[in-house]
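For what it's worth, my numbering labels the leading residue of the sequence shown as -2, then goes sequentially. Cβ atoms here follow ideal geometry from the backbone N, Cα and C, with glycine treated the same way.
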Amino acid sequence: MQIYNNRNRKLLNADKLSHHYIKIVYFCGSIFYITMDLLIPDKVHDETRQGEALILEPVGKTNGRKLYIESYGCAMNFSDSEIVASILAEKGFETTSDFNSADVIFINTCSIRENAEVRVRNRLKEFAGAKFRNPGMVVGVLGCMAERLKAKFLEEEKLVDVVVGPDAYRDLPNLIEQVDGGQRAVNVLLSREETYADISPVRLNSNGINAFVSIMRGCDNMCSFCVVPFTRGRERSRDAHSVVAECKDLFDKGYREVTLLGQNVDSYKWSGQLAEGAEPLAVGDEITVVNFANLLEMVALVSPELRVRFSTSHPKDITDEVLHTIAKYENICNYIHLPVQSGNSRILDIMNRTYDREWYMNRIDAIRRIIPDCAVSTDVITGFCTETDEEHNDTVTMMDYVKYDFAYMFKYSERPGTLAAKRYADDIPEEIKQKRLAQIVAKQQEYSFYRMQARIGKVEKVLIEGFSKKSDKDYCGRSDQNAMVIFPVSENYKPGQYVNVLVERTTSATLIGTIVG
Ligand code: 5AD
Ligand code: SF4
-2 MQIYNNRNRK LLNADKLSHH YIKIVYFCGS IFYITMDLLI PDKVHDETRQ GEALILEPVG
58 KTNGRKLYIE SYGCAMNFSD SEIVASILAE KGFETTSDFN SADVIFINTC SIRENAEVRV
118 RNRLKEFAGA KFRNPGMVVG VLGCMAERLK AKFLEEEKLV DVVVGPDAYR DLPNLIEQVD
178 GGQRAVNVLL SREETYADIS PVRLNSNGIN AFVSIMRGCD NMCSFCVVPF TRGRERSRDA
238 HSVVAECKDL FDKGYREVTL LGQNVDSYKW SGQLAEGAEP LAVGDEITVV NFANLLEMVA
298 LVSPELRVRF STSHPKDITD EVLHTIAKYE NICNYIHLPV QSGNSRILDI MNRTYDREWY
358 MNRIDAIRRI IPDCAVSTDV ITGFCTETDE EHNDTVTMMD YVKYDFAYMF KYSERPGTLA
418 AKRYADDIPE EIKQKRLAQI VAKQQEYSFY RMQARIGKVE KVLIEGFSKK SDKDYCGRSD
478 QNAMVIFPVS ENYKPGQYVN VLVERTTSAT LIGTIVG
């Protein structure tokens, strides 16, 4: 398998969006645009991967047709594109990196904020020329925007032939046939059961070291600002044994890090039994009700050489049992993404987050007590409906309390159909949202730098991911706490191996050091 990452086009797109970003930095093989909308790039919502096209080697039988698929949004969407590509590869589609030569173009979309949708609409315009030259081409919209807009998409975008929601990907071959027959097609049915557990996803990662493993789908939380419960449906957990089997298979293929993905991993719950005659894959496999702590343990036991990460945790659900499990296993990384959204209890209440400021602080205290060396990152929304300056200040003081390692910070963007859109006016003027955002972005930069500086003189265990972008004389990889680490290449170590690196200096986003063994 190889990956095509059309960097030139992305630079072009980013150019068009230049008012959104403030700085370009080079990290481990990638260019990151640090935007006012998304401060620090991570692997869960990675700016550099927005619009990335997926290429696979043919699986054998081909039907002579070429598929082009590109993805936007969160890691779950990228993981879903791998499932879509697997389903169509089975039907003989080959993939291409050039949409002009494709027979089928799919765009896997995100609805979380308005600007994510604008980006997709603009991209669709760029497909119009290709479709004009090849009228037989099928253009499909997948994912959250497809689910949100349903058949309306077909009215609004004449170019689009097929609209498919996140639970309907198994129907794609039929839908394509329908379009071949001259009709336009829609399937946006949401499911209470679909987890695609039996589909073995093809891997996007070209480095063969890190992989995402989806453990659940949907979300039942109904945070008032969020469109996800409407676009991804009810929460359901994937068969624990299939999760462990996928991680084991990845490990056997040489992968050394898995990130377990879900909108709210702490509410993972699966009941069932090992299939008759199947061999337990790990200690605990015979358990019939598996919660997130159990699942973490089962995956950690695949091998001590396999690093386990997870995202996203919810403050109302993260238990001490989960924290003790992280502390117990050296290979479960000491890094928790715990979105706070706001530091003010009244705002949290109208956001329907179901916890208050004190509860969140209590969870932070528990993390510090049980896993003293744990990095914590967060998501923050500024300018939510009715937020006063004093209430905003509670978010600022929460940042002072936690001193987050990273934060993803957003201006509130009203999403049609959400509880907030129905109940509250989006009444904070744009300039105030922007001012509050700029204030917390500046504050976070200080704390990110502070956290990085605290690592100077320490030895970090780093999983080597490859050469650094700037120089093939340097390797890059991540520390247990998820910090990017750069250090000179040593012939004794290769990507996929662990090394101990003594940190000598830092930027606000990178640790720089040398191998000490
Ligand atoms: N406006 C701004 N940010 C949002 N998020 C979710 N919905 C919205 C919205 N309507 C942010 C939250 C969430 C992250 C994935 O995106 O902070 O945790
Ligand atoms: Fe949206 Fe809240 Fe679910 Fe996260 S937990 S996906 S913010 S509804």
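Identity of the residue in the options nearest residue i by Cα
{"i": "Leu335", "options": "Lys266, Phe446 and Leu320", "result": "Leu320"}
{"i": "Pro198", "options": "Val157, Cys216 and Leu247", "result": "Leu247"}
{"i": "Cys373", "options": "Glu388, Tyr352 and Tyr332", "result": "The displayed chain sequence assigns Val, not Cys, to residue 373. The residue with the shortest Cα to Cα distance from Val373 is Tyr332."}
{"i": "Arg229", "options": "Ile102, Tyr447 and Cys107", "result": "Cys107"}
{"i": "Lys466", "options": "Val459, Ile483 and Gln478", "result": "Ile483"}
{"i": "Asn359", "options": "Val399, Glu388, Cys382 and Glu384", "result": "Val399"}
{"i": "Val459", "options": "Ile512, Ala451, Gln442 and Gln431", "result": "Ile512"}
{"i": "Ser300", "options": "Leu345, Lys250 and Asn74", "result": "Lys250"}
{"i": "Arg412", "options": "Gln180, Arg343, Val224 and Ala148", "result": "Val224"}
{"i": "Asn74", "options": "Leu151, Asn60 and Asp164", "result": "Asp164"}
{"i": "Tyr447", "options": "Arg502, Lys430 and Lys470", "result": "Arg502"}
{"i": "Arg475", "options": "Pro485, Ile461, Glu387 and Asp386", "result": "Ile461"}
{"i": "Ala86", "options": "Leu169, Asn291, Glu123 and Glu387", "result": "Leu169"}
{"i": "Asn207", "options": "Ser468, Glu302 and Asn291", "result": "Glu302"}
{"i": "Arg46", "options": "Ile196, Glu174 and Glu67", "result": "Glu67"}
{"i": "Thr285", "options": "Cys382, Gln260, Arg62 and Asp236", "result": "Asp236"}
{"i": "Glu190", "options": "Val161, Gln180, Leu151 and Arg231", "result": "Arg231"}
{"i": "Asn291", "options": "His238, Lys58 and Gly48", "result": "His238"}
{"i": "Val377", "options": "Ala435, Asn489 and Gln478", "result": "Ala435"}
Residues near residue i by beta carbon distance below 8 Å, same chain, minus five either side
{"i": "Glu154", "result": "Arg118, Leu121 and Val138"}
{"i": "Met134", "result": "Ala99, Asp100, Val101, Ile102, Ala127 and Lys128"}
{"i": "Val293", "result": "Position check: residue 293 holds Leu in this sequence, whereas Val was assumed. Once the five neighbours on either side are set aside, the close Cβ partners of Leu293 are Leu257, Val305, Phe307, Val319, Thr322, Ile323, Tyr326 and Ile329."}
{"i": "Phe227", "result": "Glu144, Arg145, Gly414 and Thr415"}
{"i": "Met449", "result": "Ala480, Thr503, Thr504, Ser505, Ala506, Thr507 and Leu508"}
{"i": "Cys141", "result": "Gly70, Asn74, Thr106, Cys107, Ser108, Ile109, Pro163, Val224, Val225, Thr228 and Arg229"}
Cα-Cα separation between residue i and residue j, rounded to whole angstroms
{"i": "Lys88", "j": "Ala363", "result": "50 Å"}
{"i": "Arg365", "j": "Cys371", "result": "7 Å"}
{"i": "Tyr519", "j": "Thr316", "result": "No statement about residue 519 is possible, as the shown extent of the chain runs from -2 to 514 and does not include it."}
{"i": "Lys419", "j": "Thr504", "result": "43 Å"}
{"i": "Ile80", "j": "Ala422", "result": "39 Å"}
{"i": "Pro132", "j": "Gly215", "result": "36 Å"}
{"i": "Asn497", "j": "Ser211", "result": "30 Å"}
{"i": "Val136", "j": "Val101", "result": "6 Å"}
{"i": "Arg233", "j": "Asp177", "result": "33 Å"}
{"i": "Arg116", "j": "Ala404", "result": "23 Å"}
{"i": "Thr192", "j": "Ser487", "result": "42 Å"}
{"i": "Tyr352", "j": "Lys266", "result": "21 Å"}
{"i": "Asn349", "j": "Ala417", "result": "9 Å"}
{"i": "Val185", "j": "Val393", "result": "40 Å"}
{"i": "Asn390", "j": "Val456", "result": "36 Å"}
{"i": "Tyr409", "j": "Lys491", "result": "43 Å"}
{"i": "Lys516", "j": "Ala297", "result": "Missing from the structure shown is residue 516; the chain here goes from -2 to 514 and no further."}
{"i": "Glu243", "j": "Lys432", "result": "45 Å"}
{"i": "Gly510", "j": "Arg110", "result": "38 Å"}
{"i": "Phe222", "j": "Gln441", "result": "23 Å"}
{"i": "Thr519", "j": "Gln338", "result": "The chain is shown from -2 up to 514; residue 519 falls before or after that span and cannot be answered."}
{"i": "Met219", "j": "Val287", "result": "24 Å"}
{"i": "Lys470", "j": "Asn171", "result": "50 Å"}
{"i": "Gly179", "j": "Asp158", "result": "9 Å"}
{"i": "Glu427", "j": "Cys473", "result": "39 Å"}
{"i": "Val438", "j": "Thr379", "result": "11 Å"}
{"i": "Ser559", "j": "Gln478", "result": "Outside the shown range of the chain (-2 to 514) lies residue 559, about which nothing can therefore be said."}
{"i": "Arg62", "j": "Ser342", "result": "55 Å"}
{"i": "Lys58", "j": "Thr92", "result": "13 Å"}
{"i": "Thr454", "j": "Pro485", "result": "The amino acid occupying residue 454 in the given sequence is Gly; Thr does not appear at that position. Near 17 Å, if we compare the C-alpha coordinates of Pro485 and Gly454."}
Sequence-distant residues of the same chain with beta carbon closer than 6 Å to residue i, five excluded per side
{"i": "Phe209", "result": "Ala72, Ser76, Thr256 and Leu258"}
{"i": "Arg452", "result": "Val500 and Leu508"}
{"i": "Gly205", "result": "Gly251"}
{"i": "Lys313", "result": "Thr351 and Tyr352"}
{"i": "Gln175", "result": "Ala182"}
Supposed close pair residue i, residue j - CB separation, criterion 8 Å
{"i": "Met406", "j": "Gly340", "result": "About 13 Å; that fails the 8 Å criterion."}
{"i": "Ala480", "j": "Leu508", "result": "5 Å"}
{"i": "Arg253", "j": "Gly463", "result": "Contact doesn't hold; Cβ gap of about 12 Å is too wide."}
{"i": "Thr309", "j": "Val262", "result": "7 Å"}
{"i": "Arg167", "j": "Ile84", "result": "6 Å"}
{"i": "Phe96", "j": "Ala127", "result": "6 Å"}
{"i": "Glu387", "j": "Ile344", "result": "At roughly 11 Å, the Cβ-Cβ gap does not stay under 8 Å, so Glu387 and Ile344 are not in contact."}
{"i": "Ser90", "j": "Asn112", "result": "Note on residue identity: the sequence assigns Phe, not Ser, to residue 90. About 31 Å; that fails the 8 Å criterion."}
Close-in-space but distant-in-sequence residues of the same chain around residue i (CB under 7 Å, 5 per side omitted)
{"i": "Ala324", "result": "Ile367 and Ile368"}
{"i": "Tyr401", "result": "Val373, Ser374, Thr375, Gln441 and Tyr444"}
{"i": "Glu114", "result": "Ser108 and Met142"}
Enumerated in chain order, which unbroken segments of the beta strand (DSSP E) with a length of 3 residues or greater are wholly contained in the region 186 to 230?
-> 207 to 211
Enumerated in chain order, which unbroken segments of the beta strand (DSSP E) with a length of 3 residues or greater are wholly contained in the region 421 to 479?
-> 456 to 464 and 471 to 476
For the region 365 to 426, list the beta strand (DSSP E) runs that are entirely contained and at least 3 residues long, ordered along the chain.
-> 372 to 379 and 403 to 408
Can you give, in chain order, each stretch of the alpha helix (DSSP H) that sits fully within the region 282 to 324 and has at least 4 residues?
-> 289 to 297
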